[in-house]
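Undergrad:
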Amino acid sequence: MDEVSIHSQMSHMNVVNLIGYCIGETTLTMVTEFISKGNLDDILHNSNTSIPFDVRLGIAIGCAEALIYLHSMHLSGDSLVCHGDIKPANILLDANLTAKVSDFGLSRLLLGGITQYTRNVKGSIDYMDPIYLREGRLTPKSDVYSFGAVLLELIARKSVKEGSCSLISTFSNARGKGEWSKDLFDREIITTGNIKILEQIGKLATDCLILDIHKCPRITDVAKRLLMLWRQENRELFLRTESVGTSNLMRCLGSFEMDVVNSDILVKLGNMRFFTEKELTEFTRNFSCLLSEGWLAEVYKGTLEDNTVVAVKKSLDAYEEHIIHFVNGLTIHAQLIHTNIIKLLGVCLDVGIPIFLYE
């Protein structure tokens, strides 16, 4: 029931949705959303599916975003959530190859939000933090270690452990010698233009695998570095846009926040992602794919860094009363979680008219 208790409180685009469960005399059956492409382990190692480099980066970013979400959850007092079993088999991929972290059977609440010691060490040994395995010391950095191993598999398309060969040792040795052979990486994704980016990902992965909790990066720092590398890989898609500055809408929202008494609403609003106009221009390729249009709004197709396909809704009306309705609607929609309600994933406020991002 711990898995149900933890999973039922999660709502994130990179976490598999728990729909329901059934408790039998000796069994627990869980019902989740169906993820069509299966798990990352099968796609990487048991299929001939072509996975472009930018898509692999997107998978890594999606998984990192899920871990950021988990590590920031406070389910009881100051307790944080640690997944405890990050590996390719527990990373599912939807039709767009967007990563969805699953299987929270080994997830733990970290009392005090930092560290938990246990004698009941469980997990997949090839991806397990050696400190956790040896000492029973579980921290958010334990997930970072496992993520580093997954990152290596994404760029090498080899299992982290094959017989006596260790992918972790191979990359760690290359990092130590400063010798980054092309043979380290999957030939499918190597080009003359991205070899330096691949080397940076290799360095980032080995940073995650450092056996020193104080030197190992936080997952937030890992995600930032991956995003920078994603932007380098996709720089030809980036278009220059002028900075708009703080709009009337943002000022309206700011005054609204100061007047709100119910802080729970602000917490819900704070968890939403806020996009810049430049980001939306990048994700929609300068709003080039129109899905639908009406007299009040236009909807465009976009793709985020983690391969999530989104609908970007641009309103064509900026009357003051509509801005007020927007502020109220934003705080309400941000709190709605239901299988039959379209998810609001984010919003752009640095333009004269608000732009919404939906699943």
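Following UniProt numbering, the numbering of the sequence shown begins with 1 at its first residue and continues without gaps.
Glycine residues also receive a C-beta, built at the ideal position from the N, C-alpha and C atoms.
These numbers were taken from a predicted model, which means no experiment stands behind them.
1. From residue 177 to residue 311, what distance separates their C-alpha atoms?
2. Distance check for residue 104 and residue 50, CA to CA, integer angstroms please.
3. With DSSP run on the structure shown, which of helix, strand or coil describes residue 206?
4. Ordered along the chain, which non-local residues of its own chain (more than five positions away) have a Cβ less than 8 Å from that of residue 371?
5. Across the stretch 297-312 and the stretch 274-284, are there enough close Cβ pairs to call them in contact, namely three or more that are closer than 8 Å?
6. Which runs of the alpha helix (DSSP H) spanning at least 4 residues fall entirely within the stretch 20-76, listed in chain order?
7. Starting from the N-terminal side, write out each stretch of the alpha helix (DSSP H) that is 4 residues or longer and does not extend beyond the stretch 122-168.
8. Per the contact definition of three or more C-beta pairs closer than 8 Å, is the stretch 24-38 in contact with the stretch 149-159?
9. Do you know offhand how far residue 170's Cα is from residue 163's?
10. Rounding to the nearest angstrom, what Cα-Cα distance links residue 198 and residue 309 in this structure?
11. Smallest Cα separation from residue 206: which of 25, 155, 359?
12. In chain order, what residues of the same chain lie with their CB nearer than 7 Å to the CB of residue 290, ignoring the 5 residues before and after it?
13. Please state whether the Cβ-Cβ distance between residue 272 and residue 352 is less than 7 Å.
14. Whose CA, out of 204, 191, 187, 190, lies closest to the CA of residue 172?
15. Taking 7 Å as the cut-off, decide whether the C-beta atoms of residue 142 and residue 132 are in contact.
16. Taking residue 223 and residue 64 to be in contact with their CB atoms under 8 Å, please state how far apart those CB atoms are, rounded to whole angstroms.
17. Residue 288 to residue 161, Cα distance in whole Å?
18. To the nearest angstrom, how far is it from the Cα of residue 191 to the Cα of residue 52?
19. Just verifying my parser: in three-state terms, what is the DSSP assignment at residue 189?
20. Per DSSP, what kind of secondary structure is residue 229 in: helix, strand or coil?
21. If you drop the 5 nearest sequence neighbours on each side, which residues of the same chain put their C-beta closer than 8 Å to that of residue 32?
22. Between residue 211 and the rest of its own chain, which residues show a CB-CB distance below 8 Å, the 5 nearest in sequence each way excluded?
23. With a 10 Å radius around its C-beta and 16 neighbouring C-beta atoms as the bar for buried, classify residue 59 as buried or exposed.
24. So what does DSSP say about residue 176, is it helix, strand or coil?
25. Should residue 26 be labelled buried (16 or more other beta-carbon atoms within 10 Å of its own) or exposed?
26. Closest by CA to residue 231, which one among 57, 340, 69?
TA: The answer reads as follows:
1. If I take the Cα positions, the gap works out to 46 Å.
2. Taking the straight line from one Cα to the other gives about 29 Å.
3. DSSP, read as helix, strand or coil, puts residue 206 in helix.
4. Only positions 1 to 359 of the chain appear in this structure, which leaves residue 371 out of reach.
5. Touching, yes.
6. Within the stretch 20-76, the complete alpha helix (DSSP H) runs of at least 4 residues fall at 40-45, 53-71.
7. DSSP runs (the alpha helix (DSSP H)) wholly in the stretch 122-168: 130-135, 140-156.
8. Contact between the stretch 149-159 and the stretch 24-38 is absent: fewer than 3 CB-CB pairs across the two stretches fall below 8 Å.
9. Taking the straight line joining both Cα atoms gives about 13 Å.
10. For residue 198 and residue 309, the distance between alpha carbons rounds to 25 Å.
11. Checked all of 25, 155, 359; the closest Cα to residue 206 is 155.
12. Closer than 7 Å at Cβ, skipping near neighbours: 298, 300.
13. Against a cut-off of 7 Å, the Cβ pair of residue 352 and residue 272 comes out as no contact.
14. Answer by Cα proximity: 204.
15. The answer is yes: Cβ separation under 7 Å.
16. By a beta-carbon distance limit of 8 Å, residue 223 contacts residue 64. Their separation comes to about 4 Å.
17. One Cα belongs to residue 288, the other to residue 161, and the distance between them is close to 44 Å.
18. Their backbone Cα atoms lie some 11 Å apart in a straight line.
19. Reduced to three states, the DSSP call for residue 189 is helix.
20. DSSP, read as helix, strand or coil, puts residue 229 in helix.
21. These residues qualify, in order along the chain: 16, 17, 18, 19, 102.
22. Same-chain partners within the cutoff: 130, 131.
23. With a threshold of 16 other beta carbon atoms within 10 Å, residue 59 meets it and is buried.
24. In this structure, residue 176 counts as helix in the three-state DSSP scheme.
25. Here residue 26 is exposed, its C-beta having fewer than 16 other C-beta atoms within 10 Å.
26. Residue 57 is the option with its Cα nearest to residue 231.
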